[in-house]
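Novice: Quick note on our numbering: the sequence shown kicks off at 10 and runs consecutively.
Glycine is no exception: its CB is placed at the ideal position from the N, C-alpha and C atoms.
Before I ask anything, let me first share the structure, which is written out below as structure tokens.
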Amino acid sequence: MAIARTGAYVDDYLEYSSTLAPELQRLLSTMRELDERAQGIINQTREQTNDCLGIHSHSSKKVIHEDDETTFEKLKKEIEASQENALSLCTEKVLLARQAYDLFVCVEGKIPPDEPATLPPLPIKDEKRRSGHYTPQVKRLREREWERERDVDIELMPPPGSHKKSLPVSVDADQPIDPNEPTYCVCHQVSFGDMIACDNENCEGGEWFHYSCVGLTSETRFKGKWFCPTCRLQQ
């Protein structure tokens, strides 16, 4: 059904366009011809005006002759007739311009507007894509790109068995603190937030350290091997 409507729309558009172009060309050509004729009359009127002024200037110095008076009146009437003729041509040109505009508006009104309802519906994305989840392949690619950009060489969160020191278990702020909970860092507090391990296997400064206590952030975390302040003093 939508294809049939589209075909009818194209046929109507081609039909109206084929009749519009020749008619507009005829009107524009006539307007150009009228403009050239009006410009020629204006140039002729300018010359007649100069001749008329010349006769009037010559007659003011001497006695006005009868021939000069006759010529002056004749030029005056010709100038008035030329002005009326030029004005008539300009008026006709304006009417033709209005006719061309009305023709275009009329043809445009005959072309039916496109119907949004006939357009094919947009594909509906599945719930997984709407919720912002990615496939495992996409997630791996994004993780690799992130690692290349950050150029991370240090294992801040090592997997089990990849480091001799096990990652301390973080404690939520809302949970009560167990007095038997092991402490870390130079602040001798329990594990919380982001932490980094000292690469000295015999570290006596706390083994794991909070970012804030050693002046690190997720953006400025250390690249390469990192030693705590206590181990750096012993080196």
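May I ask you to report which of helix, strand or coil DSSP gives F236?
Specialist: By one-based count along the sequence shown, residue 236 stands at place 227. The answer is coil: DSSP assigns F236 none of H, G, I, E or B.
Novice: Count the other CB atoms within 10 Å of the CB of E42; is the residue buried (16 or more) or exposed (fewer)?
Specialist: Here residue 42 is taken as the residue at index 33 of the sequence shown, counted from 1. Flag for E42 reads exposed.
Novice: Within 10 angstroms of its Cβ, does E216 collect 16 or more other Cβ (buried), or is it exposed?
Specialist: In the sequence shown, the residue the question calls residue 216 occupies position 207. Buried, since its Cβ has 16 or more Cβ neighbours within 10 Å.
Novice: F81 and C99 look like a contact to me (Cβ under 8 angstroms); what is the Cβ gap, rounded to whole Å?
Specialist: Residue mapping note: residue 81 aligns to position 72 of the sequence shown, counting from 1. Residue mapping note: residue 99 aligns to position 90 of the sequence shown, counting from 1. Contact flag wrong, Cβ pair sits at about 27 angstroms.
Novice: Tell me the DSSP bridge mates of A206?
Specialist: As a working mapping, residue 206 is identified with position 197 in the sequence shown. Bridge partners of A206: W217.
Novice: Closest to M204 by C-alpha separation, out of S221, N189, E190, R241, would be which residue?
Specialist: What you label residue 204 is simply residue 195 of the sequence shown in a count that begins at 1. The candidate whose alpha carbon is nearest that of M204 is S221.
Novice: For R241 and A206, I'd like the C-alpha separation in whole angstroms.
Specialist: Position 232 of the sequence shown, counting from 1, holds the residue named residue 241. Position 197 of the sequence shown, counting from 1, holds the residue named residue 206. Looking at the two C-alpha atoms, the distance is approximately 14 angstroms.
Novice: Does DSSP put Q198 in a helix, in a strand, or in coil?
Specialist: As a first step, residue 198 is located in the sequence shown; it is residue number 189 there, counting from the start. DSSP places Q198 in strand when its eight states are reduced to three.
Novice: Kindly indicate which residue of N59, E190, S200, D76 has the alpha-carbon position closest to the one of H219.
Specialist: In the sequence shown, counting from the first residue as 1, residue 219 sits at position 210. That would be S200, whose Cα lies nearest to the Cα of H219.
Novice: Just the Cα atoms here: how many angstroms apart are D111 and N94?
Specialist: Translated into the one-based positions of the sequence shown, residue 111 becomes position 102. Translated into the one-based positions of the sequence shown, residue 94 becomes position 85. Spanning the two alpha carbons is a distance of roughly 26 angstroms.
Novice: Exposed or buried, which one is A30 when buried takes at least 16 other CB atoms within 10 Å?
Specialist: In the sequence shown, counting from the first residue as 1, residue 30 sits at position 21. The residue in question, A30, is exposed, as its Cβ has fewer than 16 Cβ neighbours within 10 Å.
Novice: Given a threshold of 16 other Cβ atoms within 10 Å of its Cβ, counted over all protein chains shown, does A90 qualify as buried or as exposed?
Specialist: Position 81 of the sequence shown, counted from the start, is the residue given in the question as residue 90. Burial call: exposed.
Novice: Please classify C237 as buried or exposed, where buried requires at least 16 other C-beta atoms within 10 Å of its C-beta.
Specialist: If you number the sequence shown from 1, residue 237 lands on position 228. When all chains shown are included, C237 counts as buried.
Novice: To the nearest angstrom, how far is it from the Cα of P168 to the Cα of E228?
Specialist: Along the sequence shown, read from residue 1 onward, the residue named residue 168 stands at position 159. Along the sequence shown, read from residue 1 onward, the residue named residue 228 stands at position 219. In this prediction, P168 has a pLDDT of 38, which is less than 50 and means its spatial position is unreliable; what the coordinates show is noted afterwards. Approximately 21 angstroms, taken between the alpha carbons.
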